[in-house]
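Okay, so here's the structure we're looking at.
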Amino acid sequence: MQEPNGTAPSYVFQPIGVVRSPRRVPEHDHWGEVTSVIELDPERLRPEAVTGLERFSHLEIVFHFHLIPETAAVTGDRHPRDRTDLPRLGILAQRLKERPNRLGVSRCELVRVDGLTLHVRALDALDGTPVLDVKPYQKLFAPPPETVREPDWLHEAMSRYYAP
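Take a look at the structure:
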């Protein structure tokens, strides 16, 4: 993609908050019982920004994998979870953190709202992770379960991800 002047487009995003989590190093599994806090930035958001959020049980969080160097980005394929017993998949067929733009999207449970502080469970983001956006999860936007197609091996490979 190029701008009309022939240069590559560039985008700058300012975080709206930060994750506070007991997890400080990347781990693959057992995110289900991890409780975290998202501290929203009062310089970026007014208190009214969270009005009504407590009416939702789950959130979708968009964040930046800030600990992954740009040079570590995968732009081709690899084995999921580095398991050679699984087929190679392209980066866009995985949820790997070493993505070209190092963006993460995660769904988590909203435990409570305390001003501009969101208490959440099962957010797979590390302490200090910059939060770019927060959206309420709405079933209306989810595909009907019977239409979702996944590889047969996926459930076994990811079964411990949200396990307690």
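Residues in the sequence shown are numbered from 9 upward in steps of one, following the working numbering. Even glycine gets a Cβ: it sits at the ideal position worked out from N, Cα and C. This one's a predicted model, so the numbers in the text were calculated from it and none came from an experiment.
Alpha carbon of residue i to alpha carbon of residue j, nearest angstrom
{"i": "L118", "j": "E68", "result": "10 Å"}
{"i": "L94", "j": "K147", "result": "31 Å"}
{"i": "G84", "j": "E78", "result": "15 Å"}
{"i": "L126", "j": "E62", "result": "9 Å"}
{"i": "R32", "j": "I76", "result": "13 Å"}
{"i": "D49", "j": "H66", "result": "20 Å"}
{"i": "T155", "j": "Y145", "result": "19 Å"}
{"i": "F103", "j": "P153", "result": "The residue asked about is misnamed: residue 103 is Arg in this sequence, not Phe. If I take the Cα positions, the gap works out to 19 Å."}
{"i": "R52", "j": "L131", "result": "22 Å"}
{"i": "S114", "j": "V142", "result": "10 Å"}
{"i": "V58", "j": "T92", "result": "44 Å"}
Candidates the options: closest to residue i by CA position
{"i": "R159", "options": "L97, S29 and V142", "result": "One detail in the question is off: residue 159 reads as Pro in this sequence, not Arg. Answer by Cα proximity: L97."}
{"i": "V20", "options": "T92, L140, A165 and V156", "result": "L140"}
{"i": "T137", "options": "H72, P34 and S18", "result": "H72"}
{"i": "P34", "options": "W161, R129 and H74", "result": "H74"}
{"i": "R120", "options": "Q22, N13 and E47", "result": "E47"}
{"i": "F64", "options": "C116, R54 and L124", "result": "C116"}
Cβ-based burial, residue i [other Cβ within 10 Å; buried from 16]
{"i": "G174", "result": "Here the chain comprises residues numbered 9 to 172, so residue 174 is not present and cannot be evaluated."}
{"i": "D90", "result": "exposed"}
{"i": "L100", "result": "exposed"}
{"i": "A16", "result": "exposed"}
{"i": "S44", "result": "buried"}
Short CB-CB distance (under 7 Å) between residue i and chain D
{"i": "H66", "result": "Looking for chain D here will not work: only one protein chain is present."}
Neighbourhood of residue i by C-beta distance below 8 Å, restricted to the same chain and skipping five residues each side
{"i": "E41", "result": "R129, A130 and P172"}
Q: Could I get the ranges of all uninterrupted beta strand (DSSP E) runs contained in the region 39-127, with 3 residues as the minimum, in chain order?
A: 43-48, 66-72 and 111-122
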